[in-house]
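K.L.:
Using this note's numbering, the letters of the sequence shown map in sequence onto residues 981 to 1122.
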Amino acid sequence: MEKMNAIKYTPKLAAAIAYLLLLVVVILLFSGRKIVSLRPDFILNQWPDFYLHVSNFSISYVMLAGVGFIWILMGIPSKFIVVCSVLLICCNFIYELWIPILNTPDIIDAYYGVLGTVLALCFLLFTKRFGLVTLKDEQSET
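(1) I'd like to check one pair, phenylalanine 1037 with tyrosine 1092: are the Cβ atoms closer than 9 angstroms?
(2) Quick one: what does DSSP say phenylalanine 1084 is sitting in, helix, strand or coil?
(3) Count the other CB atoms within 10 Å of the CB of serine 1024; is the residue buried (16 or more) or exposed (fewer)?
(4) Decide yes or no for the touch test of the region 1004–1020 against the region 1058–1077: beta carbon pairs closer than 8 angstroms, at least 3 of them.
(5) Look up threonine 990 in the DSSP assignment and give the residues it is bridged to.
(6) At what residues does the alpha helix (DSSP H) containing aspartate 1029 begin and finish?
(7) With 16 as the cutoff for other CB atoms within 10 Å, does glycine 1111 come out buried or exposed?
(8) Taking all protein chains shown into account, do 16 or more other C-beta atoms lie within 10 angstroms of the C-beta of lysine 1108, making it buried, or fewer, making it exposed?
(9) Reducing DSSP to helix, strand and coil, say where glycine 1046 ends up.
(10) Taking only three categories from DSSP, how would you classify lysine 1014?
(11) Please report how far the alpha carbon of isoleucine 1100 lies from the alpha carbon of leucine 1044, in whole angstroms.
(12) With a cut-off of 8 angstroms on the beta carbons, I'd call leucine 1115 and lysine 988 a contact; round off their distance for me.
(13) What residue does the alpha helix (DSSP H) around isoleucine 1056 start on, and which one ends it?
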């Protein structure tokens, strides 16, 4: 029987570390909503209302980066990641402008969601271009 690998690539060490570091930073930013000691002064000085909207940024980033990182390891074409990003941006605006379930309509929240999506998309496209190594088929070596 021929073995089929769903994973075609492995991330380079720098790409894997960058993925984890960005994920930790985004989670720390999200945690700053409730834990005041995690709120850096330079963020509050620049954007005093940052922590009112950071959840949209964090959720959008984690959704796209989480799924997208697995997709690029599987060899899914970039156009699907871009389409997913556009759909996520559209969902942000639809939810923030027209769906008031557990939500107060707020266009600024949608913009933060767009920023999280764009950051994740840039990371994924950069990683796909420069941060992957082809996974060697173990059967061909034996």
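Glycine is no exception: its CB is placed at the ideal position from the N, C-alpha and C atoms.
P.N.:
In short, the structure shows the following:
(1) Here residue 1092 is taken as the residue at index 112 of the sequence shown, counted from 1. Here residue 1037 is taken as the residue at index 57 of the sequence shown, counted from 1. Going by C-beta atoms, tyrosine 1092 is nearer than 9 angstroms to phenylalanine 1037.
(2) On the sequence shown, position 104 is the one that residue 1084 refers to. Position check: residue 1084 holds threonine in this sequence, whereas phenylalanine was assumed. In the structure shown, threonine 1084 sits in coil (DSSP, three-state: anything other than H, G, I, E or B).
(3) Stepping through the sequence shown from its first residue, residue 1024 is reached at position 44. In the sequence on display, residue 1024 carries leucine and not serine. That one is exposed.
(4) no
(5) By one-based count along the sequence shown, residue 990 stands at place 10. According to DSSP, which records beta bridges pairwise, threonine 990 is partnered with Val1113.
(6) As a working mapping, residue 1029 is identified with position 49 in the sequence shown. First-last for aspartate 1029: undefined, no H or E at that position.
(7) The residue given as residue 1111 occupies position 131 in the sequence shown. With 16 or more Cβ atoms within 10 Å of its Cβ, glycine 1111 is classed as buried.
(8) Looking up residue 1108 in the sequence shown gives position 128. Lysine 1108 should be labelled buried.
(9) Sequence index remark: in the sequence shown, residue 1046 carries index 66 (1-based). DSSP places glycine 1046 in helix when its eight states are reduced to three.
(10) Indexing the sequence shown from 1 puts residue 1014 at position 34. Correct three-state label for lysine 1014: coil.
(11) Stepping through the sequence shown from its first residue, residue 1100 is reached at position 120. Stepping through the sequence shown from its first residue, residue 1044 is reached at position 64. Before going on, a small fix: residue 1100 reads as alanine here, not isoleucine. Their Cα atoms are separated by approximately 6 angstroms.
(12) For this step, residue 1115 is matched to residue 135 along the sequence shown. For this step, residue 988 is matched to residue 8 along the sequence shown. With 8 angstroms as the limit, leucine 1115 and lysine 988 qualify as a contact, their Cβ atoms being about 6 angstroms apart.
(13) On the sequence shown, position 76 is the one that residue 1056 refers to. Per DSSP, isoleucine 1056 belongs to no alpha helix (DSSP H) and is neither H nor E.
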